[in-house]
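Trainee:
Protein chains: 2
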Amino acid sequence: MKILAAQINPIIGDLDDNTKLIIDFIEKGKALQIDLVLFPELALTGYPPQDLLLLPHFIQIVSEKLAEIVALTKGITVIIGFPRYSSNQTGKKLYNSAAIIQNQQILGYVDKILLPTYDVFDEKRYFESGGQVQSWNICNKKISVVICEDLWQHSGFIGTSIYQRDPVLELKEIGPELVLNLSASPYSYKKLSKRLDVCLKTAQTLNCPVLLCNQVGANDSLIFDGYSSYTTPTGLKKCAKGFQEEALIIDTEKDETNLEPPKEKLDDLYQALTLGVRDYFKKQGFKKACLGLSGGIDSALVACIAKDALGSENVLALFMPSRFSSSESARDAKLLAKHLHIEYKVLPIEHAFESLLETLKPEFKDQAIDVTEENLQARIRGILLMAFSNKFGHIVLSTGNKSELAMGYATLYGDMCGGLSVISDLTKTQVFELSRWINRDEEIIPWHTIERAPSAELKENQKDSDSLPDYELLDKILVASIEYHQSPQEIARALNQTEEEINQLILRIYQNEYKRRQAAPGLRVSEKAFTTGRYYPIVQRWVSNTKPKK
Amino acid sequence: MKILAAQINPIIGDLDDNTKLIIDFIEKGKALQIDLVLFPELALTGYPPQDLLLLPHFIQIVSEKLAEIVALTKGITVIIGFPRYSSNQTGKKLYNSAAIIQNQQILGYVDKILLPTYDVFDEKRYFESGGQVQSWNICNKKISVVICEDLWQHSGFIGTSIYQRDPVLELKEIGPELVLNLSASPYSYKKLSKRLDVCLKTAQTLNCPVLLCNQVGANDSLIFDGYSSYTTPTGLKKCAKGFQEEALIIDTEKDETNLEPPKEKLDDLYQALTLGVRDYFKKQGFKKACLGLSGGIDSALVACIAKDALGSENVLALFMPSRFSSSESARDAKLLAKHLHIEYKVLPIEHAFESLLETLKPEFKDQAIDVTEENLQARIRGILLMAFSNKFGHIVLSTGNKSELAMGYATLYGDMCGGLSVISDLTKTQVFELSRWINRDEEIIPWHTIERAPSAELKENQKDSDSLPDYELLDKILVASIEYHQSPQEIARALNQTEEEINQLILRIYQNEYKRRQAAPGLRVSEKAFTTGRYYPIVQRWVSNTKPKK
Chain A
1 MKILAAQINP IIGDLDDNTK LIIDFIEKGK ALQIDLVLFP ELALTGYPPQ
51 DLLLLPHFIQ IVSEKLAEIV ALTKGITVII GFPRYSSNQT GKKLYNSAAI
101 IQNQQILGYV DKILLPTYDV FDEKRYFESG GQVQSWNICN KKISVVICED
151 LWQHSGFIGT SIYQRDPVLE LKEIGPELVL NLSASPYSYK KLSKRLDVCL
201 KTAQTLNCPV LLCNQVGAND SLIFDGYSSY TTPTGLKKCA KGFQEEALII
251 DTEKDETNLE PPKEKLDDLY QALTLGVRDY FKKQGFKKAC LGLSGGIDSA
301 LVACIAKDAL GSENVLALFM PSRFSSSESA RDAKLLAKHL HIEYKVLPIE
351 HAFESLLETL KPEFKDQAID VTEENLQARI RGILLMAFSN KFGHIVLSTG
401 NKSELAMGYA TLYGDMCGGL SVISDLTKTQ VFELSRWINR DEEIIPWHTI
451 ERAPSAELKE NQKDSDSLPD YELLDKILVA SIEYHQSPQE IARALNQTEE
501 EINQLILRIY QNEYKRRQAA PGLRVSEKAF TTGRYYPIVQ RWVSNTKPKK
Chain B
1001 MKILAAQINP IIGDLDDNTK LIIDFIEKGK ALQIDLVLFP ELALTGYPPQ
1051 DLLLLPHFIQ IVSEKLAEIV ALTKGITVII GFPRYSSNQT GKKLYNSAAI
1101 IQNQQILGYV DKILLPTYDV FDEKRYFESG GQVQSWNICN KKISVVICED
1151 LWQHSGFIGT SIYQRDPVLE LKEIGPELVL NLSASPYSYK KLSKRLDVCL
1201 KTAQTLNCPV LLCNQVGAND SLIFDGYSSY TTPTGLKKCA KGFQEEALII
1251 DTEKDETNLE PPKEKLDDLY QALTLGVRDY FKKQGFKKAC LGLSGGIDSA
1301 LVACIAKDAL GSENVLALFM PSRFSSSESA RDAKLLAKHL HIEYKVLPIE
1351 HAFESLLETL KPEFKDQAID VTEENLQARI RGILLMAFSN KFGHIVLSTG
1401 NKSELAMGYA TLYGDMCGGL SVISDLTKTQ VFELSRWINR DEEIIPWHTI
1451 ERAPSAELKE NQKDSDSLPD YELLDKILVA SIEYHQSPQE IARALNQTEE
1501 EINQLILRIY QNEYKRRQAA PGLRVSEKAF TTGRYYPIVQ RWVSNTKPKK
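The structure is reproduced here in structure tokens:
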């Protein structure tokens, strides 16, 4: 039996073009004499469609598009993910479903049982759980179809049994000869090996192969890496590429040798970020990005990603020096732009800075200089970038990293301006790692940028280390607190710090929630990003100034 | 039997002070020889605690605080909402629970069965559903305890049966003599009459009284109105005040005459907004607000609310004229500040505007004047407000309304700057209504402000009506689309417009999602706010430029 796993990149809500894309892959399957074409979860709408699912006319058009597809399945079997209305009187109105289509007939549906409602997932908002597992006789094979999460519970990768059911164990009663999984499983730095393990564990429990077809492409903050896979109880047999569309073809009768599983690497992280930027622009019909180059490492890394995502000709870098900018910064920024062949302009902010200070002088009188004046500079830069965006149609890229956002070491409406925040889910440690990786063969980011002490250059002789601990330590604390929910006591013990020091840092995370709430959407690459999947109140006193000891 | 419904205003995560507040009300109950004190849903943590619920050390301290409270219940019964760990091996780890405490013993727990996961609610993210309903013998009465939503399904107020169970029908088998409901039911403009109907319907089905204890106070975007109520099968018997703490005392043996249910009114809407502002400041330890007064109606309304929430002495109004500001605007802004006795400063932006134009001139050269220059002015005003915030510790209030946010008729990082967006969930129509209501006895907002044609004054002779349809029509379209999910076809038919016109407006709603994603948190007062409970992708093509006809 020959199967094509259509690892496609749909656009959210684009029912016309997604239908065309699906039909293209079905036609490709027919041309290659494929028996069955398998698509990802919610392939027709793209994943996640969010509240579009609440629009009755949206679901109506989905069912019309599905009918169009059904009509084009003469002589072939197609399995495709889409949202469908339930006929039950009670419960949520929709199922996250797969249609089993054969030779212009819908044989039936498989509805997702386990509906992830944690981290970035909110499927219980929209869907009702599916009923019993079952199997289908396709090409004389007993085939079971499951959707994404329905495999994960079995493998213990979603915490300690957050569901009441284990669909894989239920499938064991049925004894399928092949399991097909429709997925929309987003990338994070450590996800791929888990996903491959999930398939292997399932294949071993059921003693049959598992073919997983994953979505690829970026939708807002979520990046889907693809890497569709075919796994037998003995190991991985085939694997699609990451971060691009592919028609992965499987012959179930062929005995394949085992593949070495792809390793997570900086290469993947870089590809994820590049795809995130590219799809954010392309799917909205934008071409050009602009960003502020400061001569520092964060904006340098973002410039590299933007250039690889959009092409040199579509990236504009503005260097916007103030009285506090060093000549080294000017030199480094210019050199980077030269290495990347991107347009580079210098726009001094001194004149605007003075005029705003002048405007405020009658009110500020003899008040001491403080963070106000630092923020003014960052905000003038934000205004200038937005003016370019308005005048010439660039999307502004925001360049802050996760460590800064955690600490509030960023200016709201200043350097936080932008349509997309590219590296907001990378710790400063990862920013350094990835920058060194970029320079692995030749100097692209000036080595001086990587090696100098980080500084915002918003006042005389400023260094990040004046107001933040060493990034290496800080980042360990942030990961322990944000990703692993460890208490200050646990973190202090593990990292050999005083509880008071840890408390002060964690206080800053909570206090800066208000800034992050207004941050540009960012690309998610970790297991717990600020940008989506993490919801804390702004107004709270669990961790607050008056009661920091928690 | 005498019962005290403790309509309290907890602070999210403030386990120390919430515990003290709870103990205060228990002591008050003891002093008044009350038999039972009833608290709201999740009273110990405040509602909604969001991802604080995912922190093991948070839940640990919750259980310690509960033990403190239990120790202080000698001679009294107390029912209190809190999150508790489940002992099950599968399912989510927490229940949204109520502890039934009597005379220093925990008699048992009642776990919420229906977990709302729609609109602003995401309880399936955290909680597992409770098991069977039951009753408790308290003071020789058969009493059942239920949590918030567990009554609502029965009354058909949450759409067509989104749940599989109806706890009220299950209770009918038990036949309680009294039902106690712990609630955290947020305000919206039409919610109160529904909530009172839910209680009446339940009382009639079970043929026994229902006492509902609701949380009061604002937490971020959500405003809880209180109005705790005691309802028998014949009607409403007692009702606490709205928008303030209260100890509502019930004597179940006393025959009370029926009360007229409180009517929803503009008074309530105004109180909701005022409470929203007051709690946002007070719970964070802030006192002072600043805002830009433009001479227009939106900022005028926000100034009134801020003054009533924080006191005249804590509100600073900046009038920031440009070359396009009219003398009428200056006069109206000043007059309003005088009426409100708030501090008023004039800060012309002309000088800063010129210097930024000058900075950009070498790059913009002979480009035509467009929206760029309009945004520049709005952004300078944003910068100046933020400079006051930084220098003197004000929170900036953002003054945009829902109609503008829907249409993107607002400048990101300009007039959208702020810590809190006060009227972002009021349509322009409601802004007019509420402003007229404020002037019901005397002119507070200058009548000229209310009666003049709305204008952003960002270019010569600009009027809102140049780029937007009449607000009365626009607002009807917005409500139909945003709150009722009607299709463009349905809206066009209902309002006698062409589908093309409706499509163009709905396109603008979708296109401006990116702005709203970075908006300041706003106070929710409608059934569907932008600020929370509405999740649409930025990158989508369901409604887009290239395919507007949907």
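If you read the sequences in order, they're chains A and B.
For what it's worth, my numbering labels the leading residue of the first sequence as 1, then goes sequentially.
For what it's worth, my numbering labels the leading residue of the second sequence as 1001, then goes sequentially.
Backbone N, C-alpha and C fix where the C-beta goes; we use that ideal spot for every residue, glycine too.
Please read these numbers as outputs of a predicted model, since none were measured by experiment.
Please classify S487 of chain A: is it buried, with 16 or more other beta-carbons within 10 angstroms of its beta-carbon, or exposed?
Mentor: buried
Trainee: Looking only at C-alpha atoms, which of B:G1029, B:N1181, B:L1052, B:L1385 sits nearest to Y535 of chain A?
Mentor: B:L1052
Trainee: Should the segment 379–392 of chain A be regarded as contacting the segment 1355–1362 of chain B, the criterion being three or more beta carbon pairs within less than 8 Å?
Mentor: yes
Trainee: Of the residues that make up the segment 117–140 of chain A, which ones have a beta carbon closer than 7 Å to any beta carbon in chain D?
Mentor: Any reference to chain D falls outside this structure, whose protein chains are A and B.
Trainee: Rounding to the nearest angstrom, what Cα-Cα distance links L216 of chain A and R1084 of chain B in this structure?
Mentor: Note on residue identity: the sequence assigns Val, not Leu, to residue 216 of chain A. Answer to the nearest angstrom: the Cα atoms are 39 Å apart.
Trainee: Report yes or no: do the segment 422–431 of chain A and the segment 399–411 of chain A share at least 3 C-beta pairs separated by less than 8 Å?
Mentor: yes
Trainee: At a CB-CB cut-off below 8 Å, which residues of chain A make contact with S1161 of chain B?
Mentor: Q89, T90, G91
Trainee: For E451 of chain A, count neighbouring C-beta atoms within 10 Å of its own C-beta (all shown protein chains included) and say buried if the count is 16 or more, exposed if not.
Mentor: exposed
Trainee: Mapping the DSSP letters down to three states, classify L259 of chain A as helix, strand or coil.
Mentor: Here L259 of chain A carries a coil assignment [DSSP, helix/strand/coil].
Trainee: Which same chain residues, not among the five before or five after I80 of chain A, have their C-beta less than 6 Å away from its C-beta?
Mentor: F39, A43, A99
Trainee: Taking 8 Å as the threshold (beta carbon to beta carbon), is G1285 of chain B in contact with chain A?
Mentor: yes
Trainee: Verify the CB distance criterion: does L360 of chain A have a CB-CB separation below 8 Å to chain B?
Mentor: yes
Trainee: Using beta-carbon positions only, say whether Y1510 of chain B and Q1540 of chain B come within less than 8 Å of one another.
Mentor: The answer is yes: Cβ separation under 8 Å.
Trainee: On the DSSP bridge assignment, give the partners of S97 of chain A in chain order.
Mentor: According to DSSP, S97 of chain A bridges with A:F82, A:D111.
Trainee: Quick check on E149 of chain A: buried or exposed, where buried means 16 or more other Cβ atoms within 10 Å of its Cβ?
Mentor: Under the 10 Å beta carbon count, E149 of chain A is surrounded by 16 or more other beta carbons and is classified as buried.
Trainee: State the CB to CB distance for the pair E527 of chain A and E483 of chain A, rounded to an integer number of angstroms; the pair is presumed to be in contact (CB under 8 Å).
Mentor: 5 Å
Trainee: Comparing C-alpha positions only, which one of A:L301, A:L54, A:P49 sits nearest to H1485 of chain B?
Mentor: A:L54
Trainee: Out of B:D1267, B:Y1189, B:L1182, B:L1347, which one is the CA nearest neighbour of V1112 of chain B?
Mentor: The question names Val, but residue 1112 of chain B in the sequence shown is Lys. For the residues B:D1267, B:Y1189, B:L1182, B:L1347, the minimum Cα distance to K1112 of chain B belongs to B:L1182.
Trainee: Output needed for T73 of chain A: all residues of its chain with C-beta closer than 6 Å, excluding positions within five of it in sequence on either side, in chain order.
Mentor: I101, Q104
Trainee: Between Q7 of chain A and E253 of chain A, what straight-line distance do the alpha-carbon atoms span, to the nearest angstrom?
Mentor: 22 Å
Trainee: Using 10 angstroms around the beta-carbon of L1032 of chain B, count the other beta-carbons present and answer buried if the total reaches 16, otherwise exposed.
Mentor: exposed
Trainee: Which one or two residues does DSSP pair with G1522 of chain B in a beta bridge?
Mentor: B:S1421
Trainee: Given L1335 of chain B, which residues of its chain have a CB within under 8 Å of its CB, disregarding the five upstream and five downstream residues?
Mentor: P1446
Trainee: Mind the definition here: the segment 1196–1207 of chain B touches the segment 1163–1179 of chain B only if three or more C-beta pairs lie below 8 Å; say whether that holds.
Mentor: yes
Trainee: Sort A:S228, A:E264, A:Y270, A:P261 by Cα distance to I250 of chain A and report the nearest one.
Mentor: A:S228
Trainee: How is the alpha helix (DSSP H) around S229 of chain A delimited, first residue to last?
Mentor: No alpha helix (DSSP H) contains S229 of chain A, which is instead part of the beta strand (DSSP E) from 229–232.
Trainee: Could you check how far apart the C-beta atoms of L115 of chain A and S129 of chain A are, in whole angstroms? I think they sit under 8 Å.
Mentor: 6 Å
Trainee: Below 7 Å CB to CB, which residues in the same chain sit around Y189 of chain A once its five sequence neighbours on both sides are set aside?
Mentor: E264, L269, V525, S526
Trainee: Would you tell me roughly how many angstroms separate the C-alpha atoms of V396 of chain A and G414 of chain A, rounded to the nearest one?
Mentor: 12 Å
Trainee: Which word fits H1394 of chain B, buried or exposed, when buried means at least 16 other C-beta atoms lie within 10 angstroms of its C-beta?
Mentor: buried
Trainee: CB-CB under 8 Å to E460 of chain A, same chain, minus the five flanking residues each way: which ones, in chain order?
Mentor: F324
Trainee: Give the list of continuous beta strand (DSSP E) stretches no shorter than 3 residues that lie fully inside the segment 139–205 of chain A.
Mentor: 141–147, 178–183
Trainee: For A272 of chain A, collect the residues of the same chain with a Cβ closer than 6 Å to its Cβ; drop the 5 residues on either side in sequence, then sort them by chain order.
Mentor: Around A272 of chain A: Y187, I223, V525.
Trainee: Please work out which residues of its chain come closer than 6 Å, Cβ to Cβ, to E246 of chain A, disregarding the five sequence neighbours upstream and downstream, and give them in chain order.
Mentor: Q7, A240
Trainee: Would you identify the three-state DSSP class for E1527 of chain B, choosing helix, strand or coil?
Mentor: Note: E1527 of chain B maps to coil in three-state DSSP.
Trainee: Rounded to whole angstroms, what is the Cα-Cα separation between M320 of chain A and E123 of chain A?
Mentor: 44 Å
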